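Participant: Numbering-wise (the numbering used here), the sequence shown opens with residue 5 and increments by one. First the structure, then my questions, so here it is.
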Amino acid sequence: MSSTYRLDRAYNNAKIIPFDDDSKFIFFSDCHRGDNSFADDFANNRNIYFHALNHYYRQGFHYCELGDGDELWENISFEEIFEAHKNVYQLLRQFHLEKRLHMVWGNHDMVYKDQNYVDKHLSSYFEPIDGSDKELFEGITYHEAIILKHSKTGQELFCTHGHQADWWNYVCWRIGRFLVRVLWKPLQVVGIADPTSPAKNYKELIRIEKRIKRWILKKNLKITIAGHTHRPRFPEPGQIPFFNDGSCVHPRSITGLEIEKGKISLIKWHIATKADGTLQIVRLLLEGPEKLLDYLDT
């Protein structure tokens, strides 16, 4: 099974979401929310992430998470992750209740392609304060990919995690999960990185990006948004339209892609120091905005 076949299958089975120039979307991926232990890469940025998420909720954005939101390789169950980052999930629940939450599974949360698993673990949670079960993501469905389709122009944006172009992390994800749990998680605590991760293996990262670009060329320059490699990408109009939203586990910052008023932008949220020495979380525009129509899509 080739990467082209896997990407084709994801595209053909993608959930289609209509949008127009009044629609607003924020794309994050690779949050790797963990159990708040020393191996939880998300814990360092969770306040930045929560502030940004709250901003997008108040501004009426749709939230699209392109895989690896939950770290279910290092951690056995969703429940311990939920307890570590309960405020984040309660805010995501508000997006879900307003039908503004769109979730894609990646290699680190590939168990979410099993609807029975999702229904069992994500539909509700136990609240020890009153000893009752509370609704969480009742009725939610994770997808391998989503397609944003403009209601007037018909322009499509193909959005997926991107591990379809990574044979090891797609086909052998169960082996990778086992190795991470028994070997790399303990070593990560002392600073030794997992060499199977494309985010920490530059040669593999380049190979994955080349495979996705080849697929885009075969698809007549279909705009594609992915994550997985943790490397933000924002092409200029006229280049191969391969976007990457980066990750939420960069040192001291998170990156994402915004779509608003028919334009796309690469942004970063980070902590900055004010002149009086106090700290604040700020949004920084890295690239764009560029009109989506300026990217060839035939």
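Don't be surprised by glycine CBs; every beta carbon is placed ideally from N, CA and C. Note that the structure is a prediction, hence the values are computed from the model and not measured.
1. Mapping the DSSP letters down to three states, classify V286 as helix, strand or coil.
2. Span of the beta strand (DSSP E) holding H106?
3. Tell me where the beta strand (DSSP E) around E160 begins and ends.
4. Which of helix, strand or coil does DSSP assign to L225?
5. How many angstroms separate the CA atom of T302 from the CA atom of T259?
6. Could you confirm whether any beta carbon from chain C is found closer than 8 Å to the beta carbon of R237?
7. Determine the burial state of R62: buried for a count of at least 16 other Cβ atoms within 10 Å of its Cβ, exposed for fewer.
8. Can you grab the Cα-Cα spacing for the pair K223 / Q168, in whole Å?
9. When the Cα atoms are used, what is the spatial distance from I275 to G281?
10. Would you say E208 touches the ligand GDP, meaning its beta carbon is less than 7 Å from a heavy atom?
11. Under 8 Å, do D249 and F65 count as touching if we go by C-beta distance?
12. Checking the sheet assignment: what are the DSSP bridge partners for N248?
13. Going by the beta-carbon positions, is the gap between D34 and G231 smaller than 8 Å?
14. The alpha helix (DSSP H) with I85 in it runs from where to where?
15. If you scan the segment 6 to 87 from start to end, which runs of the alpha helix (DSSP H) of 4 or more residues do you find wholly inside it?
16. Output yes or no for whether 8 Å exceeds the beta carbon distance between F246 and P236.
17. To the nearest angstrom, report how far apart E160 and A279 are at their CA atoms.
18. Just verifying my parser: in three-state terms, what is the DSSP assignment at L96?
19. What distance in whole Å lies between the Cβ atoms of H154 and Y23, which are believed to be in contact at a cut-off of 8 Å?
20. Among N17, S127, H89, whose alpha-carbon lies nearest the alpha-carbon of I4?
21. To the nearest angstrom, how far is the alpha carbon of D39 from that of I80?
22. Per DSSP, D137 is paired with what?
23. Could you tell me the boundaries of the beta strand (DSSP E) in which A169 lies?
24. Work out the CA separation of I210 and S7 for me, nearest whole Å.
25. Grab me the residues of K19's own chain with a C-beta within less than 6 Å of its C-beta, minus the 5 sequence neighbours each way, in chain order.
26. Does DSSP classify H125 as helix, strand or coil?
27. Going by CA-CA distance only, name the one from S27, I271, E83, I220 that's closest to H254.
28. Report the option in L140, D25, F54, I21 whose CA atom is closest to the CA atom of R37.
29. DSSP three-state label for K295, please.
30. What's the gap between the Cα of Y121 and the Cα of L221?
31. So T157 is in the beta strand (DSSP E); what residue range does that whole segment cover?
Facilitator: Let's see:
1. strand
2. 105 to 108
3. Residues 160 to 164.
4. coil
5. In this prediction, T302 has a pLDDT of 47, which is less than 50 and means its spatial position is unreliable; what the coordinates show is noted afterwards. So the alpha carbons of these two residues sit roughly 29 Å apart.
6. The structure shown has no chain C; it contains just one protein chain.
7. exposed
8. 16 Å
9. Between I275 and G281, the C-alpha separation is close to 12 Å.
10. This structure lacks the ligand GDP, and indeed carries no ligand of any kind.
11. Cβ atoms of D249 and F65: not closer than 8 Å.
12. A230, R237
13. yes
14. For I85, the enclosing alpha helix (DSSP H) begins and ends at 82 to 88.
15. For the segment 6 to 87, whole alpha helix (DSSP H) runs of length 4 or above, ordered along the chain, are 7 to 16, 50 to 62.
16. no
17. 44 Å
18. helix
19. It is worth fixing the name first, because residue 23 is Phe in this sequence and not Tyr. Between H154 and F23 the Cβ distance is about 6 Å, and since that is below 8 Å, they are a contact.
20. The structure shown does not extend to residue 4, since the chain is modelled only from 5 through 302, so no value can be given for it.
21. Distance between the alpha carbons of D39 and I80 is about 10 Å.
22. F130
23. First-last for A169: undefined, no H or E at that position.
24. About 14 Å.
25. H147, I150
26. helix
27. Among S27, I271, E83, I220, the Cα nearest to that of H254 is on I271.
28. F54
29. strand
30. Y121 and L221 have their C-alpha atoms spaced approximately 36 Å apart.
31. Premise fails: T157 is in no beta strand (DSSP E) and is neither H nor E.
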